[in-house]
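My numbering runs 114 ahead of the 1-based position in the sequence shown. Beta carbons are placed, not taken as given, at the ideal position from N, Cα and C, and that holds for glycine.
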Amino acid sequence: MPYLEQERARLQAELQAAAAEQSALTTQLSAQQQAVTVAQTQVSAAQTQLAQQQAAVPPLQASANAADSRVADLDQEILDASEPEPGIPPGEWRRRLAALKRQRDQARADAAAAHARLSAGQAAVAQAQAAVQAAERRVSEAKATVAGTQTAIAGVQARQQAIQQQIDGIAKVTTEIDRDPITRPTVEQLAAELSARVFELEDAHIQARLEQEDAEEHLRNLIIRRNDLTQRTADVTVKLSDAKARLATVQQQFDVADAKLTAELEAGQ
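In structure tokens, the structure reads:
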């Protein structure tokens, strides 16, 4: 029958299109699964970086505390030396007091540098924590993208199954029609079965298509969110680099101040 042949040809075309769509989705799924692996690697790297930054803070804190203690000790020495001791010439007393004040000034500068290094280290920790969180979000987004694609593939497979069942039904009807002799009850039974099956498969086809559309929309939204997170991660990376640069600058300033203090102490001797 021409109608059945046309319908079978149409269904075959739909089946081929669905197979091509499944192939494309499968390719996407492979790339997305690789993206999950990459994102998980980035999480591990970010966690390692965070651990390194956190490990650097306690020594910086200890250095800042020691610098503060040094300032406090010099303050007390200056207070104790505010009046000359008996038997010490005034000139000698003034020189000692001036030396103590110079040491205190340098100690204050050292303390400020130590606290600057501590602040930079704490900022680096905060940036590293943000980098870890961003990497973990990327993993979640990548996994959600994979799940969305898997759902879309399942929808295509369901549609393929429904189409194949329709093709099989047409083949069955064609076989019965070609049978000789064919009885009216057989035709009526086949017609009823075919009609019921068509309605059933059409409903399944519609449901599968709706599910696929929902999955595709979800996938598009996930891609948008992934792109946004990628940009945020890039921003965090820039901030982390800035924090490292500030820390290096503070360290350089401290080294210069330390060299200056050493030179002054050697000159005073």
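Backbone CA spacing between residue i and residue j [nearest angstrom]
| i | j | result |
| --- | --- | --- |
| A225 | D182 | 6 Å |
| V239 | Q161 | 11 Å |
| D356 | V185 | 30 Å |
| T140 | S233 | 49 Å |
| V157 | V246 | 6 Å |
| A133 | V270 | 8 Å |
| A212 | Q190 | 14 Å |
| A276 | Q264 | 18 Å |
| A223 | K353 | 26 Å |
| A228 | A178 | 5 Å |
| Q366 | H332 | 51 Å |
| D328 | Q175 | 53 Å |
| A268 | L143 | 12 Å |
| A266 | E330 | 7 Å |
| A248 | D317 | 42 Å |
| F313 | E135 | 24 Å |
| A138 | T363 | 52 Å |
| Q120 | Q148 | 43 Å |
| A359 | V370 | 17 Å |
| L343 | Q146 | 16 Å |
| I417 | K286 | This structure cannot settle anything about residue 417, because the visible part of the chain is limited to 115 through 383. |
| Q278 | Q130 | 11 Å |
| A373 | P198 | 31 Å |
| R251 | A272 | 31 Å |
| Q326 | A170 | 50 Å |
| E206 | P173 | 38 Å |
| A237 | L324 | 48 Å |
Residue i burial status per 10 Å Cβ neighbour count (16 or more: buried)
| i | result |
| --- | --- |
| L193 | exposed |
| E255 | buried |
| Q274 | buried |
| R208 | exposed |
| I338 | exposed |
| Q280 | buried |
| G201 | exposed |
| S196 | exposed |
| L336 | buried |
| R334 | exposed |
| T347 | buried |
| G283 | buried |
| V350 | buried |
| G235 | buried |
| L188 | buried |
| A230 | buried |
| A221 | buried |
| A241 | Sequence inspection shows Gln at residue 241; the Ala mentioned does not correspond to that position. Q241 is buried by the Cβ-count criterion. |
| A306 | exposed |
| A244 | buried |
| A180 | exposed |
| A310 | exposed |
beta-carbon residue i near the ligand HEM non-hydrogen atom, thresh 8 Å
| i | result |
| --- | --- |
| R231 | Annotation note on the ligand HEM: not contained in the displayed structure, which lists no ligands. |
Residue i at chain D interface by Cβ criterion, 9 Å
| i | result |
| --- | --- |
| R208 | Given the protein chain composition of this structure (a single chain), no chain D is represented. |
**Study point:** beta strand (DSSP E) runs contained entirely in the region 318-348, provided each spans 3 or more residues
**Key:** none
Check your understanding: At a cut of 8 Å, does the region 141-154 reach the region 249-267 through at least three beta carbon pairs?
Key -> yes
Check your understanding: Is the region 159-173 touching the region 259-266 in the sense that three or more CB pairs, one from each, lie closer than 8 Å?
Key -> no
Check your understanding: Would the region 216-225 and the region 121-129 be scored as touching if the rule is three or more Cβ pairs under 8 Å?
Key -> no
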